[in-house]
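Written out below as structure tokens is the structure these notes cover.
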Amino acid sequence: MDMAALIVVIGVAFFFTYTNGFHDSANAIATSVSTRALTPRAALAMAAVMNLAGAFLGSGVAKTVSEGIIETPTGSKGMAIMFAALVGAITWNLVTWYFGLPSSSSHALFGGMVGAALAGGIGVVWHGVVEKIIIPMIVSPVVGLIGGFLVMLAILWIFRRANPHRAKRNFRVAQTASAAAMALAHGLQDAQKTMGIVVMALTISGHQTGNGIPIWVKISCATMLSLGTYAGGWRIMRTLGRKIIELDPPQGFAAEATASAVMYVTSFVYAAPISTTHVITSAIMGVGATKRVRAVRWGVAKNIVMGWFITMPAAAIVAAAMYGIVNLLFL
144 MDMAALIVVI
154 GVAFFFTYTN
164 GFHDSANAIA
174 TSVSTRALTP
184 RAALAMAAVM
194 NLAGAFLGSG
204 VAKTVSEGII
214 ETPTGSKGMA
224 IMFAALVGAI
234 TWNLVTWYFG
244 LPSSSSHALF
254 GGMVGAALAG
264 GIGVVWHGVV
274 EKIIIPMIVS
284 PVVGLIGGFL
294 VMLAILWIFR
304 RANPHRAKRN
314 FRVAQTASAA
324 AMALAHGLQD
334 AQKTMGIVVM
344 ALTISGHQTG
354 NGIPIWVKIS
364 CATMLSLGTY
374 AGGWRIMRTL
384 GRKIIELDPP
394 QGFAAEATAS
404 AVMYVTSFVY
414 AAPISTTHVI
424 TSAIMGVGAT
434 KRVRAVRWGV
444 AKNIVMGWFI
454 TMPAAAIVAA
464 AMYGIVNLLF
474 L
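Counting from 144, one number per residue, gives the positions in the sequence shown under my numbering.
Rendered as structure tokens:
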């Protein structure tokens, strides 16, 4: 029974990573596709490869997920909590994907973990939730917004005398690099979150001691994220690439460069699991505001931000309900 539960939880964790990939593929490539810097399939292939590479760049975020959010549960209850947390996150991913809403797969996972833990009577590391999730959730979009605005202003000043058509052509080429950097950062952040969940499941089942990440876990999580990315999340891509603002190549480059820089700093310096969705969306808003404030479709932006705030509670509620079902039927 314990082995069967472990297999189920790991399988569901891999499926969550797959949904994370196609849900968040827009984060890395929406701007490049909307400015025609890359064709959709070429962009997806590049993003899949860079996601795979990014997953092997570090382990700080994975350790934060496995140790800093909830106390490690034990036994069958622990497996039920992990399963319920993942179901809550997957459900929210699918709902927001259907409506084309660029919400955070990361915060869906964290909300699921907290909701399932509370339902199962397991302690939540609240200071970890506040320091590693809530504060970065508030600060990173603000940094992305301001950073995108300032980077775009710098580009406009530096290239103020450049030929507009030549500048756009060159930035279209530069976007290949910025989109690759964005995809690498996405792999660095999001693959590690599932690695942390799998490590917790292995620890609960007694198959692992310590917080090291086995190589097969890294390879499996990275592969599933890449496969999901290549599947593509076209609904969300349309929202990010066109509905917030009509982007041109310099704006797309500025947004991607800003967002990827924020993610590298938070991953390597703070080991904080931030949302790639929050950062790239806010960077796009900041970049668009340099043209004129009304150039940003703030009604669309408002709906997106509202979705950010309800992601964790919504996933937590679904996860708590799922734990109740599992507890009733199997425990």
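Here a beta-carbon is modelled for each residue, glycine too, at the ideal position from N, C-alpha and C.
query = So, is K275 buried or exposed, given that buried needs 16 or more other C-beta atoms within 10 angstroms?
reply = buried
query = Roughly how many angstroms lie between the CA atoms of Q332 and R304, to the nearest whole one?
reply = 38 Å
request  = Starting from N236, trace the alpha helix (DSSP H) both ways and give me its first and last residue.
outcome  = G218 to Y241
key: Residues bridged to V267 [DSSP beta-bridge criterion]   = I213
ask   = Any idea what DSSP makes of Q318, helix, strand or coil?
value = helix
Cutoff 6 Å; reference Q335; Cβ partners in own chain excluding five residues on either side = V204 and A205
Inter-residue Cα distance where the pair is A462 and W441 = 32 Å
key: Segment contact, 8 Å Cβ cut-off, at least three pairs: the segment 174 to 181 with the segment 313 to 323   = yes
key: Backbone CA spacing between Y241 and S209 [nearest angstrom]   = 29 Å
message = Considering just the uninterrupted stretch of the alpha helix (DSSP H) at R304, what are its terminal residues?
response = Run containing R304: none; DSSP gives neither H nor E here.
request  = Give the DSSP-derived three-state secondary structure of Y413 in the structure shown.
outcome  = coil
inquiry  = Rounded to whole angstroms, what is the Cα-Cα separation between G164 and F157?
reply    = 11 Å
ask   = Would a C-beta distance cut-off of 8 Å place T207 and P416 closer than the cut-off?
value = yes
ask   = CA-CA distance, M144 and T160?
value = At M144, the pLDDT of 49 sits below 50, so the modelled position is not reliable; the number obtained from the coordinates is stated separately. Taking the straight line from one Cα to the other gives about 24 Å.
ask   = With 16 other CB atoms within 10 Å as the buried threshold, where does F396 fall?
value = buried
request  = From the DSSP output, in three-state form, read off H250 for me.
outcome  = helix
ask   = Can you list, in chain order, the residues of its chain whose CB lies under 6 Å from that of T409, leaving out five sequence neighbours each side?
value = A415 and I417
I153 to V286 span [Cα, whole Å] = 35 Å
inquiry  = Tell me whether the segment 246 to 266 and the segment 225 to 237 touch, counting them as touching only if at least three CB pairs, one residue from each stretch, are closer than 8 Å.
reply    = yes
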